[in-house]
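In mature numbering (1 follows the signal peptide of the UniProt record, and there is no 0), the protein residues as written are -28 to -1, 1 to 302.
Cβ coordinates follow ideal geometry from the N, Cα and C atoms, glycine included.
From a predicted model like this one, the values you see are computed outputs, not experimental measurements.
Inspection log for the structure reproduced underneath, given as structure tokens.
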């Protein structure tokens, strides 16, 4: 009888402990860390494929994160909003903090999504634009004047000995940026690769040049405020790891990534050729070039800052350690 009672007691104790563990596990699963990630353009821009695929494949959820993506008006606006505490992380070009910190906005790059420049100078073939100097008197579209495509345009113009006054730079939004080029009302644009691909899809013959051919431009980056870096470093580390896992998959197998991306963004169903073309372009021309995926190259950052300083785009030189950190990329 005593053995029966002892066995029953052990069973009940084990059951209680198992139940408590199960409840604790469920509670842990029910309480992921919620973060807001600010995007510089609409979420269905193919430039954000690594982010959208990480979400679609539950890489963020597996890391205990619940990510909400919110679009704002360009990369500069992303940095301003992060500095104001209106989001935890965000995306912009890797050089955005160089510009923003000039104005006291305390943001840093915490991961660089590729070793080459994101932005492309895409011009109509019938306008015969062969170098930056040929942009004099031409109409060039950008996403917005708050977007880093605008600052990249200023840098390209400067390389040709031109200023903003020498060309008609129009902020045309995510649709107008390529439509004005496609219909002939603009001579070219500075934007992400998919903008040019969509214009070509509409039947326009274009010439492509990476802005990296003219100045040491950078790829997209994950940005965070100084406060976020100090207060929530583990959240940043988890987000960065999940994003880079997805980025590596796109880089290594863009065809498979294109198929998965269309599942995540069904708005592209029927446009498989476009998505595959853009993914392949990113894999070849934007994502390679880093010794360690995600890391900033201090020499490239310093060279870009020096170029911006010489061209009068910024007023002073900053310590590159104030612009980025590689502590979250291992």
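Nearest-angstrom beta carbon gap, residue j and residue i [assumed within contact, 8 Å]
| i | j | result |
| --- | --- | --- |
| residue 250 | residue 88 | Actually they do not touch by this definition, with Cβ atoms about 15 Å apart. |
| residue 280 | residue 70 | 6 Å |
| residue 305 | residue 4 | Look at the range of the chain in this structure, -28 to 302, and you will see that residue 305 is not part of it. |
| residue 191 | residue 86 | 3 Å |
| residue 84 | residue 203 | Rounded, the Cβ-Cβ distance is 22 Å, inconsistent with contact. |
| residue 133 | residue 171 | Actually they are not in contact, since the Cβ atoms of residue 133 and residue 171 sit about 27 Å apart, beyond 8 Å. |
| residue 197 | residue 29 | About 27 Å; that fails the 8 Å criterion. |
Option nearest residue i by Cα separation, candidates the options
| i | options | result |
| --- | --- | --- |
| residue 6 | 23, 18, 32 | 32 |
| residue 243 | 204, 40, 166, 219 | 166 |
| residue 46 | 189, 14, 299, 221 | 14 |
| residue 289 | 152, 73, 34 | 73 |
| residue 16 | 36, 110, 236, 204 | 236 |
| residue 156 | 228, 98, 293 | 98 |
| residue 207 | 35, 26, 27 | 35 |
| residue 261 | 176, 108, 90, 233 | 90 |
| residue 121 | 103, 110, 146 | 146 |
| residue 296 | 193, 199, 209 | 193 |
| residue 199 | 229, 20, 57 | 57 |
| residue 152 | 110, 185, 294, 126 | 110 |
| residue 309 | 154, 20, 205 | This structure cannot settle anything about residue 309, because the visible part of the chain is limited to -28 through 302. |
| residue 18 | 144, 222, 292 | 222 |
| residue 12 | 232, 66, 228, 27 | 66 |
| residue 169 | 228, 245, 230, 224 | 245 |
| residue 26 | 270, 298, 232 | 232 |
| residue 126 | 173, 37, 186, 144 | 186 |
| residue 201 | 224, 292, 298, 228 | 298 |
| residue 38 | 228, 211, 229 | 211 |
Limits of the unbroken beta strand (DSSP E) element including residue i
| i | result |
| --- | --- |
| residue 26 | It is not in any beta strand (DSSP E) - residue 26 instead sits in the alpha helix (DSSP H) that spans 21 to 28. |
| residue 275 | Where residue 275 is concerned, there is no enclosing beta strand (DSSP E), although the alpha helix (DSSP H) it sits in stretches over 270 to 282. |
| residue 288 | Note, residue 288: premise wrong, no beta strand (DSSP E); not H, not E. |
| residue 7 | 5 to 11 |
| residue 41 | 37 to 43 |
Beta-carbon contacts of residue i that lie in its chain and below 7 Å, excluding the five residues immediately before and after
| i | result |
| --- | --- |
| residue 93 | 128, 160, 162, 181, 183 |
| residue 95 | 101, 159, 160, 178, 179 |
| residue 264 | 301 |
| residue 149 | 113, 114, 115, 161, 163, 167 |
| residue 8 | 40, 42, 59, 60 |
| residue 77 | 51, 52, 55 |
| residue -4 | Confidence is the limiting factor: at residue -4 the pLDDT is only 45, short of 50, which leaves the residue's position unreliable, though a coordinate-based value still follows. Nothing meets the Cβ criterion. |
| residue 123 | 71, 285 |
| residue 220 | 265 |
Cβ neighbours of residue i in the same chain (closer than 6 Å, five flanking residues each side left out)
| i | result |
| --- | --- |
| residue 49 | 118 |
| residue 142 | 113 |
| residue 10 | 42, 44, 50, 53, 59, 62 |
| residue 130 | 283 |
| residue 188 | 272, 275, 276 |
| residue 226 | 251, 252, 255 |
| residue 240 | 234, 247 |
| residue 174 | 154 |
| residue 144 | 113, 152 |
| residue 230 | 247, 248, 251 |
Same chain only: Cβ atoms within 8 Å of residue i, ignoring 5 sequence neighbours per side
| i | result |
| --- | --- |
| residue 195 | 50, 51, 54, 61, 62, 63, 64, 68, 69, 79, 80, 81, 82 |
| residue 286 | 70, 71, 74, 277, 280 |
| residue 108 | 132, 134, 138, 139 |
| residue 238 | none |
| residue 209 | 300 |
| residue 292 | 270, 273, 274, 277 |
Start and end residues, alpha helix (DSSP H) containing residue i
| i | result |
| --- | --- |
| residue 257 | 244 to 257 |
| residue 56 | Residue 56 -> no alpha helix (DSSP H), and no H or E assigned at all. |
| residue 151 | 145 to 154 |
| residue 240 | Neither: residue 240 is in no alpha helix (DSSP H) and is coded neither H nor E. |
| residue 34 | 31 to 34 |
CB contact check: residue i to chain C, cutoff 9 Å
| i | result |
| --- | --- |
| residue 294 | Absent here is chain C; the protein component of the structure consists of one chain. |
Exercise for the section: Return the chain-ordered ranges of every beta strand (DSSP E) run that is complete within the region 159 to 231 and spans a minimum of 3 residues. Expected result: 160 to 163, 178 to 182, 192 to 197
Problem - alpha helix (DSSP H) runs contained entirely in the region 65 to 138, provided each spans 4 or more residues - result: 68 to 72, 120 to 131
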